[in-house]
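Start counting at 1 in the sequence shown, then tack on 9, and there's your number in my numbering. Glycine included, every Cβ here is placed at the ideal spot set by N, Cα and C. These figures come from a predicted structure and were not determined experimentally. Report on one structure; see the data block that follows.
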Amino acid sequence: MRELLEKIAAEGEVAADGVLKVDRFLNHQVDPQLMKRIGEEFAVRFRGERPTKVLTLESSGISPALMAAYELGIPLVVARKRRPLTMTGDVYRTEVYSFTKQEANEIIVSRSLLGRGDRVLIIDDFLANGQAALGMVEIIEQAGADMVGIGIVIEKAFQDGGRLLRSRGFRVVSLARIASLDGGAIQFADEVMSR
Ligand code: 5GP
């Protein structure tokens with residue numbers, strides 16, 4: 010998605026340790042027009058899988074996931090990292106190790122929101138080692154629902170998540186793939202630049 014690549018090149022900042030900071034349009038300040046087009050792109054790629062729900066993880070996946078759900082005309086379910094007082098009743102839960110926070114978080118989804126017969130599309134902002142996505146896959150499995158694909162805004166192709174998920178047979182669509190952040194320079198993976 011050329012517009013996204015240009016935005017990353019213009020406004021992305023490389024933080025230490027292979028972390029890309031996109032606080033000007035995705036993670037802190039959010040660009041709604043860009044999110045709308047990201048949602049349209051995910052909808053085009055995944056509509057044929059007939060998803061019935063989008064699942065993301067709070068908080069940074071919410072903006073792109075909401076726009077994808079809007080375009081697909083289906084609800085968005087946000088997996089929570091802490092159980093709010095208002096979330097009563099039975100839940101699905103699993104542990105996810107956070108790449109950016111370097112700690113394990115429990116993620117929780119109410120049993121009333123996902124179940125057999127659901128076809129779930131996972132959307133997240135970044136793919137690094139794949140732990141967030143695998144945690145969501147685990148929740149979908151607990152629900153007895155089907156996972157129809159994984160949509161990622163920015164995949165860091167130099168980390169193992171993409172390989173791990175694709176080797177399990179999952180369909181992973183990344184709108185931008187980054188080959189390297191070495192030396193503070195953002196290098197995109199060639200095949201995406203040529204699209
Ligand atoms: P994974 O679970 O694939 O290792 O990491 C994915 C999660 O970590 C994403 O949900 C995202 O919140 C966060 N993350 C991983 N790498 C980056 C990065 O380079 N920049 C930012 N802003 N978040 C990241």
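For the pair residue 155 and residue 118, the CB atoms are not nearer than the 8 Å cut-off.
Separation of residue 102 and residue 147 (C-alpha to C-alpha, rounded to the nearest whole angstrom) is 9 Å.
Annotation: the continuous alpha helix (DSSP H) that includes residue 81 extends over 71 to 81.
When secondary structure is reduced to three states using DSSP, residue 142 falls in the helix class. By alpha-carbon distance to residue 166, the top candidate from 11, 15, 29 is 29. Judged by beta-carbon spacing, residue 139 lies within the 8 Å limit of residue 173, meaning their Cβ atoms are closer than that value. In this structure the segment 37 to 57 lies against the segment 71 to 79, because at least three pairs of beta carbons, one per stretch, are closer than 8 Å. DSSP, read as helix, strand or coil, puts residue 16 in helix.
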